[in-house]
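Structure record follows, encoded as structure tokens.
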Amino acid sequence: MRFKTPLVGITAGGLMLALAACGSTGGPAEDTKIDNEKAGAAGSGRDPDAKGPVEIKGAKEGGSINVISSTELQTMDPRNAYYASTIAIHGAFLSRTLTQYKYDEESDSMVLVPDLAKDLGTPNEDYTEWTFNLREGIKDENGDEVTASSIERTVEASMDVDTYGDFPGNYLIDFLVGGDQVKDGKAEPQGVDIDGVEATDDHTLVFKTTKPFADLPAYAYFPLFTPTPEGADPATYEDKIVSTGPYKVKEYVRSKKLVLERNPNWDAETDPARTAYPDEYVFDFMLDTNKVDARMLADKGSDQTTMTMDDINAENYPKFKSEAEDRIVTGSSPLTAYLAPDYTKVTDIQIRKAIGLAFPYQEFYRTAGYIEGLTANPANTIMPPGTPGYQTYDNPLGVEPGTTDPEAAKKLLEEAGAVGYELKFAWSKDDPDGIWPKLKDLYTDAFTKAGFKVTSVNVPDAKFSDFQRDPEADINVRSYHSMGWFSDWPSGGSWFPPLLTTVDWKSTGSYGSNRAKFSEPEVDKKVEEILAMPIEDQPKAWGELDQHVMETYYPWVVTYQGGSVQSHGSKIGGHKIDNTMGGPTYKQLHVLQ
Amino acid sequence: MSLSMARLEAETPEPGDVPVEKSAAIVGKSPTQIALGRLRKDKTAVVCIAVLVVVIALAVLAPVITSILDIHERREPGSLNAAEWTDQFGYPVTGPPYYGFDPNHPLGISPKEANDNLARLLYGVRNSLFIGAVVAFSALLIGTTIGLAAGFSRGWLDRILSFVIDLFLAFPFFFFAMALSPIIGNAFSQNDVGLAVASFIGLIIFLIIFSWMSLARLVRGQVISLREREFILAAEVIGVPMRRVLFKELLPNLVAPLVVWFSVAVPTAVALEVALTLLGLGVSGTPTLGLLVQEARGYWDTYPLYLWTPVGAVVVITLALNLLGDSVRDAFDPKTRR
Numbered sequence: 001m002r003f004k005t006p007l008v009g010i011t012a013g014g015l016m017l018a019l020a021a022c023g024s025t026g027g028p029a030e031d032t033k034i035d036n037e038k039a040g041a042a043g044s045g046r047d048p049d050a051k052g053p054v055e056i057k058g059a060k061e062g063g064s065i066n067v068i069s070s071t072e073l074q075t076m077d078p079r080n081a082y083y084a085s086t087i088a089i090h091g092a093f094l095s096r097t098l099t100q101y102k103y104d105e106e107s108d109s110m111v112l113v114p115d116l117a118k119d120l121g122t123p124n125e126d127y128t129e130w131t132f133n134l135r136e137g138i139k140d141e142n143g144d145e146v147t148a149s150s151i152e153r154t155v156e157a158s159m160d161v162d163t164y165g166d167f168p169g170n171y172l173i174d175f176l177v178g179g180d181q182v183k184d185g186k187a188e189p190q191g192v193d194i195d196g197v198e199a200t201d202d203h204t205l206v207f208k209t210t211k212p213f214a215d216l217p218a219y220a221y222f223p224l225f226t227p228t229p230e231g232a233d234p235a236t237y238e239d240k241i242v243s244t245g246p247y248k249v250k251e252y253v254r255s256k257k258l259v260l261e262r263n264p265n266w267d268a269e270t271d272p273a274r275t276a277y278p279d280e281y282v283f284d285f286m287l288d289t290n291k292v293d294a295r296m297l298a299d300k301g302s303d304q305t306t307m308t309m310d311d312i313n314a315e316n317y318p319k320f321k322s323e324a325e326d327r328i329v330t331g332s333s334p335l336t337a338y339l340a341p342d343y344t345k346v347t348d349i350q351i352r353k354a355i356g357l358a359f360p361y362q363e364f365y366r367t368a369g370y371i372e373g374l375t376a377n378p379a380n381t382i383m384p385p386g387t388p389g390y391q392t393y394d395n396p397l398g399v400e401p402g403t404t405d406p407e408a409a410k411k412l413l414e415e416a417g418a419v420g421y422e423l424k425f426a427w428s429k430d431d432p433d434g435i436w437p438k439l440k441d442l443y444t445d446a447f448t449k450a451g452f453k454v455t456s457v458n459v460p461d462a463k464f465s466d467f468q469r470d471p472e473a474d475i476n477v478r479s480y481h482s483m484g485w486f487s488d489w490p491s492g493g494s495w496f497p498p499l500l501t502t503v504d505w506k507s508t509g510s511y512g513s514n515r516a517k518f519s520e521p522e523v524d525k526k527v528e529e530i531l532a533m534p535i536e537d538q539p540k541a542w543g544e545l546d547q548h549v550m551e552t553y554y555p556w557v558v559t560y561q562g563g564s565v566q567s568h569g570s571k572i573g574g575h576k577i578d579n580t581m582g583g584p585t586y587k588q589l590h591v592l593q
Numbered sequence: 594m595s596l597s598m599a600r601l602e603a604e605t606p607e608p609g610d611v612p613v614e615k616s617a618a619i620v621g622k623s624p625t626q627i628a629l630g631r632l633r634k635d636k637t638a639v640v641c642i643a644v645l646v647v648v649i650a651l652a653v654l655a656p657v658i659t660s661i662l663d664i665h666e667r668r669e670p671g672s673l674n675a676a677e678w679t680d681q682f683g684y685p686v687t688g689p690p691y692y693g694f695d696p697n698h699p700l701g702i703s704p705k706e707a708n709d710n711l712a713r714l715l716y717g718v719r720n721s722l723f724i725g726a727v728v729a730f731s732a733l734l735i736g737t738t739i740g741l742a743a744g745f746s747r748g749w750l751d752r753i754l755s756f757v758i759d760l761f762l763a764f765p766f767f768f769f770a771m772a773l774s775p776i777i778g779n780a781f782s783q784n785d786v787g788l789a790v791a792s793f794i795g796l797i798i799f800l801i802i803f804s805w806m807s808l809a810r811l812v813r814g815q816v817i818s819l820r821e822r823e824f825i826l827a828a829e830v831i832g833v834p835m836r837r838v839l840f841k842e843l844l845p846n847l848v849a850p851l852v853v854w855f856s857v858a859v860p861t862a863v864a865l866e867v868a869l870t871l872l873g874l875g876v877s878g879t880p881t882l883g884l885l886v887q888e889a890r891g892y893w894d895t896y897p898l899y900l901w902t903p904v905g906a907v908v909v910i911t912l913a914l915n916l917l918g919d920s921v922r923d924a925f926d927p928k929t930r931r
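Following this line, the structure appears as structure tokens:
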């Protein structure tokens, strides 16, 4: 999954945050960090029998909640929604999907429950065919009944990469029977019937895959598993989507405002995941990030029923800690951020390891505005804590994670006979956050010190992601200051297949999500094998593959794993961290009265 | 001849004015000398000049001062390591805002990057003043030349030049800046040093391009009114070459408006640089006051000193220059004798 800004953090489940006592004399809070030892398995819990309605003790109906943010929604179109913050809002308010994640107070984690489906799907023996039986009598905001074919329509359309460039349907193309119809870009999937998804009757939806896809129910919470009306125009549908959730869109101005009002056709009895206590939600986007913090800190008037989906800025955190500690919510996140040396160009593992040793971790956290130990945890694993099967192992670099050692890096380069090796990365002078120019200086210094030759390529912000997505771009390290991967669902199946298996970028012109262009037949084979395993054996196998890949190939320089620090007004209840989305637990919110 | 005529112009008292400086006319002071004399008596002007002398000295001597105090600009040898000198939230581990005064870093250390604030401020002032001075001086040359040519030429040349002036005045300034920034960035995409230099020079050129028009118009208007005066006509009649008429007869009469314009143009350029940089269209890699303010604006609440020092510097410099400009105008303008 992708996320938009470095400050929108996300969270993994069940992470207990151990906040040590802060320095009492003048200085800011010290030793604040997340305790990974206590990380549970984020969202790995399942409750196929969950029933609606969901009730929260003491919560009352009424009131209006205002959500403010310095970011914006990626899209309102469920067929294209792929950014964590956008999916979270869809899932909680507007788009009922086959399955959904629900916050579980007891484990402080997310649990997978059925939503439009009656259960979590029925697989065949080898997980290549899934049958979902839909609830009957569920109506959208126009009163039309949700049918299997209306969901099939969304799923098929989302595979149209030309129209939906953010491409939440990427897994479908890899797995579904007939996915290859789209793969070469020849077939036009809009309106085309893909064999792998079939509505056998009004309330039965069958998925057929070419290889085992045990994780399908965990993926089926994506908005692309919601119904869309026939003939919804990709260009305009997002301005007024048809809701199936507890709220519907009253007003939507792109990049600015979203107002939600109650959807009278939503029936709490049929919904095991959501509550709908407030009468109204008002989202304000693209605000100044410091103003967001200032309003949350002040907690005045209507801001008492205001919350934010942004992380608290590092520089404002000590102030929150001293003035509004009870209104801070923290959690860790299924995010691993990394530099991706181009595996086809930086072919020597010694050089890749030298990059890892030379990377200025501590200075990077500060410059990019992360709080070490809270929103950025030094790490060396591919899968973040909270992913089922996550296990720690010694850093292949031979130092503690997050340690910069230019001397050791230089030694590796000398051994490899590659002193003066040219690192070429892209940066952006007009980065709206103003962070890239500083990072560029930082990287240049740090890598030069370790014996690299550094060339930085200035790319205007508007073209920056396109440039990095071009597999032929003339750089050999890919990096955003927020570049990382946010698991689409809590499983190694959301890490290795999309990120570290061979992609035919030469003929397709795209490396997909495999930014390192990593390709090892041996790893490809192992991934196939794990996907074919029984679901209960997979976590351990992913964990072992994690260690194997990092120790044998060191394809990524892991820079940190994520965490989330958010705040809410004093009259908001239910704001926790959703450990699959890293955002607020929207489904639980209510106004304290 | 022309000079004495000019003096006559300047010295002719308005009806009702008290001829206070009769004695000066007898000793034969030039209008400039008279104006300087008035400036010396103007307390505001003296204070402003004193402030500016100090600021300029600090700016010019920035490398010396920083090496004496052993403080360093970002990424210079000897600069502080952010990982050691800031905590996990990016706040400095010495000096403000959380700890007492640190004599090694009189204005503290910047958050997140651990730059010495004083060193950066000195270089920022230096670069901003440099931008202001270069821009104002270049625009002065261009504006005066075009204004003189337009005003004196009559006919088609005047019409063309006036059209060019109008064209530049009508050009949308900020849109041009927004378009220019990525163009420069692209041209130097793989050359860091080149980019820093190019964006710095680019900003200067950009500010020059959009600041000469008002002066050109002013000069043109002045020249049109002057060229019909008797002393110009007389010079033409006795066959004084045009170049001499322009530079010896006309230009000295324009000194007052030029000086006034210049004294306002410098702070305008300094302030424009701040505005452009705040919009993200300014320099990259070179500290200027605009960049310092931009970097610090998130800290108005949590680390006020970090923000208020560059803001204060902008205020002091622009205020001193503007007040000085006012005083200069008063001193040169015969109609505002006090």
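Protein chains in written order, with my numbering: chain B, 1 to 593; chain A, 594 to 931.
Glycine included, C-beta positions come from ideal geometry on N, C-alpha and C.
Residue i at chain B interface by Cβ criterion, 8 Å
| i | result |
| --- | --- |
| Ala675/A | yes |
| Leu788/A | yes |
| Ala617/A | A caution first: Ala617/A carries a pLDDT of 49, below 50, which makes its placement in the model unreliable, though a value can still be read off. Ala617/A does not count as touching chain B. |
| Thr870/A | no |
| Asp894/A | yes |
| Thr902/A | no |
| Asp785/A | yes |
| Gly725/A | no |
| Pro775/A | yes |
| Ser782/A | yes |
| Gly878/A | yes |
Proximal residues of chain A, C-beta to C-beta of residue i below 7 Å
| i | result |
| --- | --- |
| Tyr317/B | Phe682 |
Cβ of residue i within 8 Å of any chain A Cβ
| i | result |
| --- | --- |
| Gly331/B | no |
| Val457/B | yes |
| Lys300/B | no |
| Asp430/B | yes |
| Asn579/B | no |
| Ile371/B | yes |
| Gly434/B | yes |
Under 9 Å by beta carbon: chain B residues contacting residue i
| i | result |
| --- | --- |
| Asn708/A | Ordered by position in chain B, no residue passes the 9 Å Cβ test against Asn708/A, which lies about 10 Å from the chain. |
Chain-ordered neighbours of residue i on chain B, where CB pairs are closer than 7 Å
| i | result |
| --- | --- |
| Pro704/A | Glu315 |
Inter-residue spacing [alpha-carbon to alpha-carbon] between residue i and residue j
| i | j | result |
| --- | --- | --- |
| Arg890/A | Leu900/A | 6 Å |
| Gly40/B | Gly569/B | Unreliable positioning characterises Gly40/B in this predicted model, as indicated by a pLDDT of 48, which lies under 50. The coordinate reading is nonetheless provided below. Computed Cα separation, rounded: 28 Å. |
| Gly814/A | Val876/A | 35 Å |
| Leu439/B | Thr367/B | 7 Å |
| Glu105/B | Leu589/B | 13 Å |
| Gly583/B | Tyr716/A | 42 Å |
| Glu72/B | Phe496/B | 29 Å |
| Asp288/B | Leu760/A | 36 Å |
Chain B residues whose Cβ lies nearer than 8 Å to that of residue i
| i | result |
| --- | --- |
| Asn779/A | Asn458, Pro460 |
| Arg668/A | Asp441, Asp445 |
Under 8 Å by beta carbon: chain A residues contacting residue i
| i | result |
| --- | --- |
| Glu269/B | Those within 8 Å of Glu269/B in chain A number zero; the least Cβ separation is about 47 Å. |
CB-CB length for residue i against residue j, believed under 8 Å
| i | j | result |
| --- | --- | --- |
| Asp709/A | Ile664/A | 4 Å |
| Val718/A | Ala906/A | 6 Å |
Contact list for residue i against chain C, beta-carbon separation under 8 Å
| i | result |
| --- | --- |
| Thr679/A | Of the protein chains in the structure, B and A, none is chain C. |
Residues that residue i contacts on chain A, provided the C-beta gap is smaller than 9 Å
| i | result |
| --- | --- |
| Asn290/B | Arg890, Gly891, Tyr892, Trp893, Asp894 |
The stretch 145 to 152 of chain B contacting the stretch 223 to 239 of chain B, beta-carbon criterion three pairs below 8 Å: yes
Contact between the stretch 317 to 337 of chain B and the stretch 554 to 565 of chain B (3+ Cβ pairs under 8 Å): yes
Touch test, the stretch 311 to 324 of chain B against the stretch 444 to 462 of chain B, Cβ-Cβ under 8 Å, three pairs minimum: no
Cβ pair count under 8 Å reaching 3, the stretch 303 to 317 of chain B against the stretch 63 to 80 of chain B: Touching, per the Cβ criterion.
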